[in-house]
Ligand SMILES: [Ca+2]
Ligand SMILES: [Ca+2]
Ligand SMILES: [Ca+2]
Ligand SMILES: [Ca+2]
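Residue numbers (mature numbering (1 follows the signal peptide of the UniProt record, and there is no 0)): -23 to -1, 1 to 375.
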């Protein structure tokens, strides 16, 4: 559901050390000292946002079945819970993202919810406070994945929202250029009229014409690729994604895995939603052939996995300027917490499992969606790992 174009350029400033990573020089699990303890919480997703404009990234948590949370950063990645920041009412929240929807210069926050269908929008005041503007959102829905970007190039943030449920249609809400902070529902005019069971969405330019196309990750196959006409109108081009495997996908990431300057697509998959072994949960990397076709090259590029994955992150954890992967791992059947995996990129898009050397042994959980950014101001990207009924974890780069 996340696209990381900014990270490509960010990584360019990092010196390539060429050193082999070891447990002592990659990640430090600072959860016990830096994160409020909450080992029963369903912290399904996180967004890094500087809500109080003090120069450090704070952490916003999407919480399933409880009130969403704001953790304030002291500048050194010590996080403290500011209770009540997003009200006092629990919702079935699945995901969170940030953008400046009303263009007042302050970061805003949006949550989407599944079962109770209460999506929430909060306008930030730049001092850590938020005003509930959820009534600005055009509709309720059984939301399970979303992304934010300017799909029609008018400078206002737009929302692509993926839904599940019988007859579910996905939604596209355009930021209203005439009324900043309000939205125009363009779902019927701008999206293909097809049923989806969507768990993740990524907006990214997939065909190199400088507008945001869309990858739709579905729990019921097929996944879809939609191309943007430049004005935010999407047409189905799923035939550009070549894979013979029917996936139960939970999350999608678009990033340049192979280093050719063209975006590739990563699907993180389940065998089933914690029930039996039904589908192949192998993570899938669809590589751009240079002409905007995406071919499944997982077999030779990704470590084999039998675990299911509800979330992951793209991060250059060994400072070689190539994006590596953190992959959440849960054993299904059983829904058993496993150690999160670390896959190192060889620079050409072939990934090696380096979990033993890179991932602290403490990073075991029902890992869910993740956030990446520099929380302690040392210029290296840290990782916050959500958890379903297990402690969300914070990994700092050493
Ligand atoms: Ca801050
Ligand atoms: Ca704002
Ligand atoms: Ca727009
Ligand atoms: Ca495009």
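Ideal Cβ positions, reconstructed from N, Cα and C, are used throughout, including at glycine.
Would residue i and residue j be called neighbours here (beta carbons separated by less than 8 Å)?
| i | j | result |
| --- | --- | --- |
| residue 237 | residue 267 | yes |
| residue 192 | residue 179 | yes |
| residue 378 | residue 245 | Absent from the model: residue 378. The displayed extent of the chain is -23 to 375, so no value can be given. |
| residue 306 | residue 315 | yes |
| residue 249 | residue 304 | no |
| residue 278 | residue 263 | no |
| residue 113 | residue 160 | yes |
| residue 22 | residue 71 | yes |
| residue 145 | residue 116 | no |
| residue 273 | residue 229 | no |
| residue 3 | residue 54 | no |
| residue 301 | residue 318 | no |
| residue 227 | residue 286 | yes |
| residue 58 | residue 14 | no |
| residue 216 | residue 203 | no |
Of the choices the options, whose alpha-carbon is the least far from that of residue i?
| i | options | result |
| --- | --- | --- |
| residue 231 | 224, 223 and 241 | 241 |
| residue 16 | 374, 341, 372 and 353 | 341 |
| residue 42 | 58, 112, 89 and 216 | 89 |
| residue 324 | 372, 344, 104 and 294 | 294 |
| residue 209 | 181, 299 and 224 | 181 |
| residue 338 | 372, 103 and 312 | 372 |
| residue 194 | 214, 176 and 203 | 176 |
| residue 105 | 142, 116 and 51 | 51 |
| residue 345 | 365, 247, 139 and 61 | 365 |
| residue 61 | 49, 76, 354 and 12 | 49 |
| residue 189 | 206, 198 and 284 | 206 |
| residue 222 | 199, 214 and 239 | 199 |
| residue 75 | 25, 18 and 239 | 25 |
| residue 27 | 169, 5, 56 and 65 | 56 |
| residue 239 | 122, 265, 336 and 214 | 265 |
| residue 235 | 143, 66, 299 and 5 | 299 |
Against chain D, with Cβ distances strictly below 8 Å, would residue i count as a contact?
| i | result |
| --- | --- |
| residue 252 | Protein chain content of the structure displayed is limited to a single chain, and chain D is not contained in it. |
Who are the Cβ neighbours of residue i in its own chain at under 6 Å, not counting the five residues just before and after it?
| i | result |
| --- | --- |
| residue 97 | 88 and 111 |
| residue 369 | 20 and 363 |
| residue 9 | none |
| residue -2 | Any reading at residue -2 needs caution, since the residue's pLDDT is 45, under 50, leaving its predicted position unreliable; the model's value is listed next. So the list reads 334, once near-sequence residues are dropped. |
| residue 355 | none |
| residue 196 | 174, 176 and 225 |
| residue 312 | 251 |
| residue 136 | 125 and 150 |
In chain order, what residues of the same chain have a beta carbon less than 7 Å from the beta carbon of residue i, not counting five sequence neighbours either side?
| i | result |
| --- | --- |
| residue 357 | 351 and 374 |
| residue 360 | 290, 292, 303, 347, 349 and 372 |
| residue 167 | 149, 209, 210 and 211 |
| residue 118 | 94, 138, 140 and 148 |
| residue 367 | 16, 314, 342 and 343 |
| residue 121 | 71, 91, 139, 140, 141, 175 and 176 |
Who are the Cβ neighbours of residue i in its own chain at under 8 Å, not counting the five residues just before and after it?
| i | result |
| --- | --- |
| residue 93 | 68 and 69 |
| residue 281 | 259 |
| residue 100 | 78, 79, 81, 83, 85, 107, 108, 110 and 158 |
| residue 29 | 35, 49, 103, 104 and 105 |
| residue 257 | 222, 224, 246 and 248 |
Quick check on the contact list: which residues have their beta carbon closer than 7 Å to a heavy atom of ligand 3? 127, 128, 129, 130, 131, 132, 133, 134, 135, 151, 152 and 209
Mind listing, in chain order, the residues whose beta carbon lies closer than 7 Å to a non-hydrogen atom of ligand 4? 182, 183, 184, 185, 186, 187, 188, 189, 190, 204 and 205
Please list, following the chain, all residues that have a C-beta closer than 7 Å to any non-hydrogen atom of ligand 2. Residues with a Cβ closer than 7 Å to any heavy atom of ligand 2, in chain order: 77, 78, 79, 80, 81, 82, 83, 84, 85, 100 and 101.
Should the region 267 to 281 be called in touch with the region 246 to 255, which here means at least 3 C-beta pairs below 8 Å? No contact exists between the region 267 to 281 and the region 246 to 255.
Would the region 45 to 61 count as touching the region 29 to 37 if we require 3 or more Cβ pairs under 8 Å? yes
Would the region 148 to 155 and the region 127 to 137 be scored as touching if the rule is three or more Cβ pairs under 8 Å? yes
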